[in-house]
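Protein chains in written order, with the working numbering: chain A, 4 to 209; chain B, 4 to 67; chain C, 2 to 251; chain D, 140 to 372.
Using N, Cα and C, we set each Cβ at its ideal position, and we do this for glycine too.
Note that the structure is a prediction, hence the values are computed from the model and not measured.
Comments concern the structure below.
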Amino acid sequence: MIDSSISLELTDVGLSRGGRDLIAGLSLSLRGGQLALLMGPNGSGKTSLLRAIAGFAPTTQGRIVFSGGTAPDHTGDAGPTIAYLGHLDGLKKDLTVAENIQFINSLRGISRPVDELIAELGLALAAQRSVRQLSAGQKRRVALAYLSSSSSRLWLLDEPLTNLDRPGRELLGRWLDSHLAGGGIAIVATHRADELRRPGCLLLEL
Amino acid sequence: MSEFLAMGGHGSYVWTAYGITLAILLWNLWSAGAMLRRNLRRAARETAADEPARRPKVSQLEGE
Amino acid sequence: MKLPVWFHRFGSPPWVYGFAGACVPWLLICGVLAIAIGAYWGLAIAPTDAVQGEVYRIIYIHPQTAYIGMMAYTLMGIAAGIGFIWRIKLAHAVAVGAAPIGATFTFGALITGAIWGRPTWGTYWEWGDPRIMFELLLLFLFLGYLALRAAFDDRDKADRVSAILAVVGVVNVPIIHFSVDWWNSLHQTATVMQLDDPAMDPEMLVPFLIMVGGFTLLFYGLLFRRLQAGIVERESGARWLRELVEGAAS
Amino acid sequence: MPLQTFLLVLRRDLKVAFRRISEWSHPLLFFIAVSALFPLALSPERLAMTPGESELFGLQSLGIGVIWMGALLASLMGLDRLFLNDIEDGSLEQLMLGPAPLLSVVYGKLAAHWLVSALPLVILVPLVGLSYRLTPGATAMLALSLLIATPVLTVLVAIGAALTVNLRGATAIIGLLVLPLVSPALIFGARATVLALDAESAAGPLYFNASLAIVAVSLGPVAIAAALRAALE
């Protein structure tokens, strides 16, 4: 269902990196509940665009406006609205899985109990192990943890399926569906569009 | 003329100081111009306009 | 914060490039001329100083180079701040242009100050003179700025990060200046001759001021020339630059 | 919200620090080694308690200079990876997406680092002071003036670290950037200790260093946040 309370407007966005123009004249508008798949060869600017939308880097032209509505969410998680998952996992290797998830949850005001979340991620056995000892796939699951909460209204995922095994990809698929059903927006850069394809989603080829 | 050069015994100090300052002035005069010439040459080489950024293609999948 | 319209006209690279280009020859010629006259006047015509004898004639270059170094650093900090806050590439070009000039002049001030100290206090490195110590610290600030810039390969990032250093530096310069002066005032034995300008009678003052004027004109001439270089570097690929370069080539 | 983020980051960094003892204990051991063993570099007869005509400086005033320089070098060593770790593992990005401004994250990290490395430094000073036979009064003043000066050292070196965060050969550049900026704190800190050595009141320099610390702690992190944002662009 389209939830028009939140929207992401890209008007004539241009991006350059190291003096070279990557993207020019990109205009796009997404409503709540919509998914956009970002495709294109390596170095075509997928990551730069996601990072520009997340606010890490300014656009060389045009404007990006994300007007996030209040989070209509039963758990009352106000919290920050943007979730960005890049190639890095964003975890402290010396802390355990539980400590990392607890940290991010309290940072983003997510009130979901940690052990329940760890169980859903299928990491119950590794909960007290330090992240350093986990496999790449397991680290990826820990990094995904805070996507389970509906407080982030805008998802910016940069090739989230890498390193994930089949159950992991299915878990992410379920969370993506509930995120979209809950009226969130998602932009996903991926090389495996077929797995993430949803009816009515936008295809954005750079 | 020679006592002018001798500078009352301080000649070596005064002339070294002035010599160094002159050297710095000359280096600056030269290097400012050289920097501009170098950048202009580099700009001339890059006159072939960079390949224009591809305009992204936005399409919508069928279905609701 | 909305900037006044005329400020944006300053912001248009081709206009600034042309304006700077027009000023450079005048500034350099007048500057060099003034320095030549001032130097000749100071060395040959001005009377000998009663206390220091002939070595005082370094006064016609040491304070000037030190003043240019200080002015360059302050200008660098302000231009870098403007460039960082409003993302104006031109302001970064000004800051980057001022740095090498300031560094070389500060180095000159350091050397001429030390040379001046030798006959006056019998040592090239007189801890008692706060200004030489401050020149050295200012030189390190410049070298730090240049070293930081050199470590970047992406020029836009180099501009933004070195701008932060320039602003932090320019905020700290007064504090450093005060601390060094205070530290030296402790060390100061009453008899040590200050490097201040001995009570300058008019015959000494005129060449001194001519030299100050000459150095200032020269500094702005050099700065505008380097500003042009910075504009060309940052505007690569711009249409006006291509026309300029093709125009020059044909 | 910002205070909560500050405390969160502070607790997290302290937890990480206690898991990686080596990362912050090496600078402290280095400080002890450099300060205590420095006199080895001088031949014994040049080390009279009070400088005669042949001794250039007394043992005590040598000690004060060495300890101050040792403290500066130790903070240089401990801080260069302060932000690099968080950028390399991507956690700084996640913190920037958090509710609070980046400033409270920076304050959290600086506070954690200060507690873990600068404070022990101050506690170790009396130990090192012994090898220079500093009077108890001078040692106490040395510890106090270091305590007041370490925030300035930490903030300024952290600015250097943030500016050079992704650069090769960063540690060398940080030293060059920071030394001129740190000189006022060094001048007044050492001055306070020398005054205490002569059993005079060292209030003046201490007050000055205290005001320097306030300026550094309030303005410095703004520059650090700007530098980190520029590094992540």
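Anticipated Cβ contact below 8 Å, residue i with residue j, distance rounded
i	j	result
asparagine 305/D	alanine 370/D	6 Å
glycine 103/C	alanine 73/C	3 Å
glycine 187/A	glycine 35/A	7 Å
leucine 149/C	leucine 302/D	6 Å
threonine 24/B	isoleucine 116/C	10 Å between Cβ atoms; not a contact.
phenylalanine 135/C	valine 181/C	5 Å
glutamate 247/C	alanine 47/C	The Cβ separation is near 52 Å, so there is no contact.
glycine 84/C	aspartate 160/C	7 Å
alanine 349/D	methionine 280/D	Not quite, the Cβ-Cβ distance comes to about 14 Å (not below 8 Å), so this is no contact.
leucine 150/A	tryptophan 158/A	7 Å
Straight-line Cα distance separating residue j from residue i
i	j	result
proline 61/A	serine 284/D	43 Å
glycine 109/C	leucine 207/A	58 Å
alanine 96/C	glycine 170/C	13 Å
histidine 90/A	aspartate 161/A	7 Å
leucine 211/D	threonine 293/D	9 Å
cysteine 31/C	methionine 4/B	28 Å
tryptophan 253/D	alanine 21/C	48 Å
glycine 268/D	isoleucine 177/C	28 Å
glycine 22/B	arginine 119/C	17 Å
glycine 36/B	glycine 222/C	11 Å
alanine 45/C	asparagine 173/C	40 Å
glycine 114/C	lysine 49/A	56 Å
valine 264/D	proline 14/C	56 Å
glycine 22/A	glutamate 102/A	41 Å
leucine 181/D	arginine 44/B	57 Å
alanine 127/A	valine 148/D	25 Å
glutamate 244/C	alanine 46/B	11 Å
glycine 70/C	alanine 151/C	20 Å
isoleucine 206/D	phenylalanine 170/D	8 Å
tyrosine 125/C	serine 322/D	22 Å
arginine 156/A	methionine 216/D	42 Å
leucine 35/C	valine 213/C	At residue 35/C the sequence reads alanine, which differs from the leucine that was named. Distance between the alpha carbons of alanine 35/C and valine 213/C: 9 Å.
glutamine 199/D	arginine 330/D	13 Å
arginine 158/D	leucine 249/D	18 Å
threonine 84/A	proline 64/C	58 Å
serine 133/A	leucine 223/D	20 Å
serine 32/A	serine 19/A	21 Å
glycine 212/A	glutamine 63/B	In the structure as shown, chain A begins at 4 and stops at 209. Residue 212/A is therefore absent and cannot be evaluated.
tryptophan 27/C	arginine 307/D	43 Å
proline 202/A	threonine 75/C	60 Å
aspartate 152/D	proline 131/C	42 Å
leucine 221/D	isoleucine 59/C	47 Å
Top-ranked residue by Cα proximity to residue i, from the options
i	options	result
serine 34/B	Ala99/C, Val17/C and Ile38/C	Ala99/C
tyrosine 16/B	Arg132/C, Ala239/C, Arg240/C and Ile112/C	Ile112/C
alanine 67/C	Asp50/C, Thr107/C and Lys90/C	Thr107/C
leucine 260/D	Ser214/D, Ala277/D, Leu334/D and Arg272/D	Ser214/D
glutamine 53/C	Gly12/B, Leu39/B and Glu6/B	Gly12/B
alanine 311/D	Ala35/C, Asp160/C, Arg235/C and Tyr146/C	Tyr146/C
leucine 219/C	Thr19/B, Trp18/B, Leu28/B and Glu6/B	Leu28/B
aspartate 155/C	Arg235/C, Trp241/C and Pro64/C	Arg235/C
isoleucine 190/A	Cys204/A, Asp197/A, Glu198/A and Leu124/A	Cys204/A
tryptophan 30/B	Leu29/C, Leu144/C, Thr105/C and Arg240/C	Thr105/C
threonine 144/D	Gly237/D, Pro290/D, Val255/D and Ala324/D	Gly237/D
alanine 249/C	Leu32/B, Arg40/B and Gly14/B	Arg40/B
serine 273/D	Leu241/D, Thr332/D and Gly299/D	Residue 273/D is actually leucine in this sequence, not serine. The shortest Cα separation from leucine 273/D among Leu241/D, Thr332/D and Gly299/D belongs to Thr332/D.
serine 163/C	Gly19/C, Ala94/C, Phe179/C and Pro203/C	Ala94/C
methionine 140/D	Pro240/D, Ala364/D, Glu372/D and Ala338/D	Pro240/D
leucine 351/D	Phe327/D, Ala257/D and Gly299/D	Phe327/D
Original post:
Quick one: complete beta strand (DSSP E) runs, 3+ long, within the stretch 15 to 39 of chain A?
Top reply: 23 to 35
**OP:** Mind listing, in chain order, the continuous alpha helix (DSSP H) runs of no fewer than 4 residues lying wholly within the stretch 52 to 138 of chain C?
**Re:** 63 to 87 and 90 to 122
**OP:** Report yes or no: do the stretch 92 to 102 of chain A and the stretch 224 to 233 of chain D share at least 3 C-beta pairs separated by less than 8 Å?
**Re:** yes
Original post:
So does the stretch 9 to 17 of chain A actually touch the stretch 53 to 67 of chain A, counting three or more Cβ pairs closer than 8 Å?
Top reply: yes
Original post:
Between the stretch 112 to 124 of chain A and the stretch 164 to 174 of chain D, do three or more beta carbon pairs fall short of 8 Å?
Top reply: no
**OP:** Inspect the CB distances between the stretch 176 to 186 of chain A and the stretch 101 to 112 of chain A and report whether three or more fall short of 8 Å.
**Re:** no
Original post:
Residue ranges of each beta strand (DSSP E) run of no fewer than 3 residues wholly in the stretch 135 to 198 of chain A, ordered along the chain?
Top reply: 157 to 161 and 188 to 192
Original post:
Are the stretch 193 to 200 of chain A and the stretch 37 to 45 of chain A touching by the rule of at least three beta carbon pairs closer than 8 Å?
Top reply: yes
**OP:** Let me know the alpha helix (DSSP H) ranges lying completely inside the stretch 75 to 132 of chain A, each 4 residues or longer, listed in chain order.
**Re:** 100 to 110 and 117 to 123
Original post:
Which residue spans inside the stretch 218 to 253 of chain D form an unbroken alpha helix (DSSP H) run of at least 4?
Top reply: 223 to 227, 230 to 235 and 241 to 252
**OP:** List in chain order: all unbroken beta strand (DSSP E) runs of 3+ residues lying wholly within the stretch 9 to 48 of chain B.
**Re:** none
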